[in-house]
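Letter by letter, the sequence shown follows residues 0 to 252 of numbering that gives the first Met the number 0.
Note that the Cβ used here is the ideal one computed from N, Cα and C, for glycine as well.
All remarks here apply to the structure that follows.
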Amino acid sequence: MTVSDDVRDTPLADETAALDIGANNLVACTTTTGEQYLYEGRELFQRFRDTTREIARLQSLLEGGRYSSHRIRRLYDRRTKRRDHAQDALTRDLIERLYDEGVSTVYVGALTDVLDTHWSVETNAKTHNFWAFKKFIKRLVCTAEEYGMSVEVRSEAWTSQECPQCGSTDQTTRHQDTLACPCGFEGHADLTVSETLLRRQTTVTRSMARPVRFEWDDHDWSGISHPHESPKEQRTDPSTAHHGGNIASGESA
Ligand SMILES: [Zn+2]
């Protein structure tokens, strides 16, 4: 991603960002400068779950009276390290990007897709375990502080169901990454949540650029552009897409 020099020269302008933290997409972010970022978590979560299963399998093989083994402890250790490494890198990548955008305040919405009722208790437990949410927030706050930004956590679970077009909260349906509403709105669920959260905190005047998606490759979060982020472009009536842009994809219709 390229950032023009004049932007970089004025960090900590009065820009704001809002983050939605989830399990499928670890972080969805929208900024008042019109940027949208998506950090994918599926693969990481999958691997975390695989390791968890392997630990359970090994535990079931333990002889009576034993609670752990060298191999089990090593798996726990590896699982934690891998997660911490990815989270650490994510936090740094994101905060540096926000710094370049001139963001001074970051709002964090807490685990909306995780707290959704359709998630089983078991999945919730695993996900909380995976996320180590408090630890992640702490990491985020510390890194943000380094850059002179402040982080505020908002409990806005309900916005995960809110339609940004008509405001309905009980008519919308969420299927995987898509939030749909009978009024015709359809958008990326997590990006929509982060944008709704942002609009709740501040005025957003700019329209959104095409979202950037990041995947973890064990070392870095590399950005991949996805040309067809939103199939709803065609369906969104420009006259009803407020704030001058297509909320779903961030593109002008
Ligand atoms: Zn609607």
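Do F184 and ligand 1 come close, with the Cβ less than 7 Å from some heavy atom?
-> Taking the first residue of the sequence shown as 1, we reach residue 184 at position 185. For ligand 1, at least one heavy atom lies less than 7 Å from the Cβ of F184.
V140, DSSP secondary structure in three states | The residue you call residue 140 lines up with position 141 of the sequence shown. Residue state, collapsed to three classes: helix.
Would you give the residue range spanned by the beta strand (DSSP E) that S149 belongs to?
-> Here residue 149 corresponds to residue number 150 of the sequence shown, with the count starting at 1. First-last of the beta strand (DSSP E) with S149: S149 to R153.
Looking only at C-alpha atoms, which of A179, E62, E39 and R72 sits nearest to T50?
-> On the sequence shown, position 51 is the one that residue 50 refers to. Closest by alpha carbon: R72.
Could you check where the alpha helix (DSSP H) with E194 kicks off and where it finishes?
-> Residue numbering aside, residue 194 sits at position 195 when the sequence shown is read from its first letter. According to the DSSP assignment, E194 belongs to the alpha helix (DSSP H) that extends over A188 to Q200.
Report all residues from its chain with a CB closer than 7 Å to the CB of A179; omit the five preceding and five following residues, and keep chain order.
-> Your numbering for residue 179 matches position 180 in the sequence shown. T171, T172 and E185.
Enumerate, from N- to C-terminal direction, the unbroken beta strand (DSSP E) stretches of 3 or more residues contained entirely within the stretch 5 to 45.
-> Restricted to the stretch 5 to 45, the beta strand (DSSP E) segments that are unbroken, complete and at least 3 residues in length are 14 to 20, 24 to 30 and 35 to 39, listed in chain order.
In this structure, does DSSP put H174 in helix, strand or coil?
-> Taking the sequence shown and counting its residues from 1, one reaches residue 174 at position 175. Looking at H174 - three-state DSSP - the assignment turns out to be strand.
When burial is assigned at 16 or more other CB atoms within 10 Å of the CB, is P181 buried or exposed?
-> To locate residue 181, count along the sequence shown from 1; it is residue 182. Flag for P181 reads exposed.
Out of R77, L61, I94 and T168, which has the shortest C-alpha to C-alpha gap to D217?
-> Translated into the one-based positions of the sequence shown, residue 217 becomes position 218. Ranking R77, L61, I94 and T168 by Cα distance to D217 puts R77 first.
Can you tell me whether DSSP reads F135 as helix, strand or coil?
-> Position 136 of the sequence shown, counting from 1, holds the residue named residue 135. F135: helix per DSSP, three-state reduction.
Sub-8 Å separation of T32 and E14 beta-carbons | The residue labelled residue 32 in the question sits at position 33 within the sequence shown. The residue labelled residue 14 in the question sits at position 15 within the sequence shown. Contact: yes.
Quick one: measure Cβ to Cβ for L190 and G108, integer angstroms, because I've assumed they're closer than 8 Å.
-> For the purposes of this step, residue 190 is identified with residue 191 of the sequence shown, where counting begins at 1. For the purposes of this step, residue 108 is identified with residue 109 of the sequence shown, where counting begins at 1. So it is not a contact: roughly 12 Å between Cβ atoms.
To the nearest angstrom, report how far apart G166 and V192 are at their CA atoms.
-> As a first step, residue 166 is located in the sequence shown; it is residue number 167 there, counting from the start. As a first step, residue 192 is located in the sequence shown; it is residue number 193 there, counting from the start. If I take the Cα positions, the gap works out to 12 Å.
Could you name the residues of the same chain whose beta carbon sits closer than 6 Å to that of V211, not counting the 5 residues immediately before and after it, in chain order?
-> For the purposes of this step, residue 211 is taken as residue 212 along the sequence shown, with counting starting at 1. Closer than 6 Å at the Cβ level, and outside the excluded window around V211, lie Y36 and G222.
Using only alpha-carbon positions, find the residue among A17, C162, R81 and A22 that is nearest to T29.
-> If you number the sequence shown from 1, residue 29 lands on position 30. Nearest C-alpha to T29: A17.
When DSSP builds the beta bridges, which residues end up paired with F184?
-> In the sequence shown, residue 184 corresponds to position 185, counting from 1. Per DSSP, none; premise fails for F184.
According to DSSP, which residues form a beta bridge with T79?
-> Within the sequence shown, residue 79 is the residue found at index 80, counting from 1. Answer by DSSP bridge pairing: none, since T79 is not bridged.
Should H69 be labelled buried (16 or more other beta-carbon atoms within 10 Å of its own) or exposed?
-> Locating residue 69 in the sequence shown gives position 70, counting from the first residue. Under this definition H69 is an exposed residue.
With respect to 7 Å, is the separation between the Cβ of S167 and the closest non-hydrogen atom of ligand 1 below this value?
-> Residue 167 sits at position 168 when you count from the first residue of the sequence shown. Short note on S167: C-beta closer than 7 Å to some heavy atom of ligand 1.
When the Cα atoms are used, what is the spatial distance from S149 to Q45?
-> Numbered from its first residue, the sequence shown carries residue 149 at position 150. Numbered from its first residue, the sequence shown carries residue 45 at position 46. Computed Cα separation, rounded: 32 Å.
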